[in-house]
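Chains as they are written, first to last, in our numbering: chain A, 1162 to 1445; chain B, 2 to 338.
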């Protein structure tokens, strides 16, 4: 309880929390939408926001507000799949590389470093183009997770490396603890906070990449996401024609989402670092 | 000699391996994904309503297979692929047939290079200077204000920020100071006149601004943090107590120590900056590599995409190598080890 109270003293954590709760409520609201998000021309086209159509309607004849609820939900699904699966990959790579060391460490880290150096975005674009026909939420999530583990594997590995040198590792090994049990039971609790903060960053990255790919037309444009909403708004020239309610909805939603995720990860990692925590909330 | 053996040679080997790995991945992606670029192209031809004699389609399929380098076994294809690469031959583009991919890339390249080099240089230098000052005077009000602004700008992806600028300064919604799209006014001819140069600068102002602000915010934040940390180190405290002048402490001790991770950071983030520049170009319809990529994706121009990706991999890894090789110039510890 005290941890949570301390965290809420940080205005950034408070802001992130409120924004994320609102966005989550929006995502849940999608279940109560009166319209099917894949159908067109269910409402009159291009109306300004009003009491009946909260955020107006678009040129496809869809209600922007209800479309946005689906967009938020789907973007969150994609990024959660990407974040969680890539966490599994990153943890496995980090544990194996960090604990085993030697050749396997060098090979794994070389692959990871190569992923960091190569303009990954272009490779993802190429794969997405090849998989265009098969694109859906899960495929996209898995595609992103496959490329999104390198940096975090490196960070987690460095924690494992330092843990391996600690006294308790020797105690555990000498008293007959198996490698798998040692890694899961003894190391994981230490790495967990770091893994959580990399998860948040990875979710933000995945949402961003989804928008980019949608913007390039490389996802299924009939599934509403933040990216495809933006894509349709641009496709119908809504900036030039002054249909601000349509183009601003995905832009503002993603603006707040990105800031909230970043501030959440910053405030949590500052809290986890005792030196900065003392500055902020006093001795904990 | 020890420097060459310990630093230079391993780094060069790593460079060659990364380029090899990247290009090999590019080679295998279309071959392991369940998609046949030849049949996709044939599908596009059919959809356009081309009616052909029965035998002609076989000829087209054969020609396309050859143009994509898809004949023979995988290992044959792989060797032929490298052979063509070493001749600098990426094949012909489909959407601007019969232009060569090389030709298209070399027309687009100067635009991207111009935008990228200027914005990266400005954002790195300005971001580091302001970040360094803000880190040294971290208790001042202006430093805190800048930090708060950085906290808002930093997490924004390139295209979202680009859109925000576009909506603010180029659309009819708020201000209409800058053009919405393009690299020049319609029909402007490239000449070395002041009018043309001014036109280009005016069109690239917003894309450059969005790249500079985002890149600068990242550099500002990291530099501020590093300087704050270095400032708290024992040797700085000792120098202060020993009566070393503030100028000397800042120039000789703090900046030199703080810049090192920033050089590594620049090398590591070059790939991201490049991707960001591509997206920004697309948002502003700026006629560089990003726009070329966008058009080739829209038209399914496979050779062109391969060309762009391979070109970018080699370009970015080489740029990172160059940044890394300048590192010993700044860090004597690497030089003398």
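Glycine included, C-beta positions come from ideal geometry on N, C-alpha and C. All figures in this text were calculated on a predicted structure; none of them were measured in a lab.
* Quick one, are the C-beta atoms of residue 123 of chain B and residue 265 of chain B less than 8 Å apart? -> No, they are not a contact pair.
* Smallest Cα separation from residue 1154 of chain A: which of A:1271, A:1417, A:1242, A:1210? -> Limits of chain A in this structure are 1162 at one end and 1445 at the other, which puts residue 1154 of chain A out of reach.
* To do: For residue 1224 of chain A, write down the residues that DSSP places opposite it in a beta bridge.
  => A:1218
* Which one of A:1318, A:1234, A:1331 has the shortest CA to CA distance from residue 1390 of chain A? -> A:1234
* To do: Specify whether the stretch 1340-1357 of chain A and the stretch 1187-1198 of chain A touch according to this definition: at least 3 beta carbon pairs, one from each stretch, less than 8 Å apart.
  => no
* Asked: Along the stretch 264-283 of chain B, what residues have a CB closer than 9 Å to any CB found in chain A?
  -> Residues 268, 269, 271, 272, 273, 275, 276, 277, 279, 280, 283.
* Quick check: the stretch 1366-1386 of chain A against the stretch 1407-1424 of chain A, are there 3 or more CB pairs under 8 Å? -> yes
* **Through-space distance from residue 1238 of chain A to residue 1303 of chain A, alpha-carbon basis** => 11 Å
* To do: State the start and end residues of the unbroken alpha helix (DSSP H) segment that holds residue 250 of chain B.
  => Element bounds for residue 250 of chain B: n/a, residue is neither H nor E.
* Asked: Does any C-beta atom of chain A lie closer than 8 Å to the C-beta of residue 45 of chain B?
  -> no
* Along the stretch 318-337 of chain B, what residues have a CB closer than 9 Å to any CB found in chain A? -> 318, 321
* Only counting runs of 3 or more residues, tell me where the beta strand (DSSP E) segments fall wholly within the stretch 1234-1307 of chain A, in order along the chain. => none
* Where the alpha helix (DSSP H) through residue 1208 of chain A begins and ends -> Premise fails: residue 1208 of chain A is in no alpha helix (DSSP H) and is neither H nor E.
* **Helix, strand or coil at residue 1380 of chain A [DSSP, three-state]** => coil
* To do: Return the CA-CA distance between residue 1173 of chain A and residue 10 of chain B, expressed in angstroms with no decimal places.
  => 46 Å
* Host alpha helix (DSSP H) of residue 1389 of chain A (start-end) -> 1387-1396
* Does the Cβ of residue 282 of chain B have 16 or more other Cβ atoms within 10 Å, making it buried, or fewer, making it exposed? -> buried
* **Between the CA atoms of residue 1310 of chain A and residue 1288 of chain A - distance to the nearest angstrom** => Roughly 17 Å between the two C-alpha positions.
* Asked: Do we get a CB-CB distance below 8 Å when we pair residue 28 of chain B with the residues of chain A?
  -> no
* To do: Run down chain A in chain order and give the residues with a C-beta less than 8 Å from the C-beta of residue 313 of chain B.
  => 1280, 1283
* Contacting residues, own chain, Cβ-Cβ under 7 Å from residue 1400 of chain A (five flanking each side not counted) -> 1408
* To do: Using 10 angstroms around the beta-carbon of residue 1393 of chain A, count the other beta-carbons present and answer buried if the total reaches 16, otherwise exposed.
  => Buried.
* Which class does residue 101 of chain B belong to by DSSP, given the choice of helix, strand or coil? -> In the structure shown, residue 101 of chain B sits in a strand (DSSP, three-state: E or B).
* If you draw a straight line from the alpha carbon of residue 224 of chain B to that of residue 1427 of chain A, how long is it in whole angstroms? -> 16 Å
* To do: Just confirm the distance between the C-beta atoms of residue 1110 of chain A and residue 1321 of chain A, as a whole number of angstroms; I'd bet it's less than 8 Å.
  => In the structure as shown, chain A starts at 1162 and stops at 1445, and residue 1110 of chain A therefore has no counterpart that could be examined.
* **Cβ of residue 208 of chain B within 8 Å of any chain A Cβ** => Under the 8 Å criterion on CB atoms, residue 208 of chain B is classed as non-interfacial with respect to chain A.
* Find the nearest neighbour of residue 1177 of chain A within the set B:159, B:222, B:153, judged by alpha-carbon distance. => B:153
* Is it the case that the Cβ atoms of residue 211 of chain B and residue 275 of chain B are separated by a distance below 8 Å? -> no
* To do: Spatial neighbours of residue 278 of chain B within its chain, please: CB distance less than 7 Å, with the 5 preceding and 5 following residues excluded, ordered by chain position.
  => 113, 116, 117, 212, 291
* Do we get a CB-CB distance below 8 Å when we pair residue 34 of chain B with the residues of chain A? -> yes
* **Limits of the unbroken alpha helix (DSSP H) element including residue 1162 of chain A** => Looking at the DSSP string, residue 1162 of chain A is not in any alpha helix (DSSP H), and its letter there is neither H nor E.
* For the putative contact between residue 1278 of chain A and residue 272 of chain B, defined by C-beta atoms under 8 Å, what is the C-beta separation to the nearest angstrom? -> 6 Å between Cβ atoms; contact.
* Asked: CB residue 1248 of chain A to CB residue 1356 of chain A, shorter than 8 Å?
  -> In this structure, residue 1356 of chain A lies closer than 8 Å to residue 1248 of chain A by Cβ.
* Pairwise C-alpha distance: residue 1183 of chain A and residue 1201 of chain A -> 27 Å
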